[in-house]
């Protein structure tokens with residue numbers, strides 16, 4: 239955690255796992271596309287000087303194959319009963335790029351550092367009503 243507090247840390251959460259299963263992909267999959275994350279990363283780089291990305295994901299290998307960061311830490315040791323540590327670490331960053339995931343949402347919402355937060359404008363793929371849960375200071379992309 240020391241590194242998170244020493245820099246302009248940006249938590250970026252990629253949720254894939256069960257979202258890639260057919261029954262969930264129809265609803266939640268392909269909302270947070272590569273394009274969404276690239277736009278979010280560019281926006282963070284415009285707003286924050288020398289950002290350091292802390293990647294949280296249930297599919298770190300996919301992230302490494304699809305993205306390049308100037309300065310990055312891949313947080314992949316908090317699994318199972320220790321997953322709450324990822325949420326805690328996300329809540330300590332200077333900025334958050336979240337997935338369409340309540341885990342992501344709470345990591346950013348619990349952040350008391352007045353973070354710059356980017357969230358996906360569309361939360362689900364279907365015609366279901368989009369949630370109205372985001373603080374006005376957060377940015378939808």
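Residue numbers (my numbering): 239 to 379.
From the three backbone atoms N, C-alpha and C, an ideal C-beta is built for every residue, glycine too.
Residue 352 to residue 303, Cα distance in whole Å?
Here residue 352 refers to the residue found at position 114 of the chain shown. Here residue 303 refers to the residue found at position 65 of the chain shown. Rounded to whole angstroms, residue 352 to residue 303 spans 31 Å at the Cα level.
So for residue 336, helix, strand or coil by DSSP?
Within the chain shown, the letter at position 98 stands for residue 336. The answer is coil: DSSP assigns residue 336 none of H, G, I, E or B.
Measuring alpha carbon to alpha carbon, tell me which residue in 361, 359, 342 and 363 is nearest residue 180.
Here the chain has residues from 239 to 379 only, and residue 180 is not among them.
Are the beta-carbon atoms of residue 310 and residue 293 separated by less than 8 Å?
For the purposes of this step, residue 310 is taken as the residue at position 72 of the chain shown. For the purposes of this step, residue 293 is taken as the residue at position 55 of the chain shown. It is a contact, given that the beta carbons lie within the stated cut-off.
Could you tell me if residue 315 is buried or exposed, where buried requires 16 or more neighbouring beta carbons within 10 angstroms of its beta carbon?
Taking the chain shown and counting its residues from 1, one reaches residue 315 at position 77. By the neighbour-count rule (16 or more Cβ atoms within 10 Å), residue 315 is not buried but exposed.
Exposed unless 16 or more other CB atoms sit within 10 angstroms - verdict on residue 338:
Position 100 of the chain shown, counted from the first residue, corresponds to residue 338. With 16 or more other Cβ atoms within 10 Å, it is buried.
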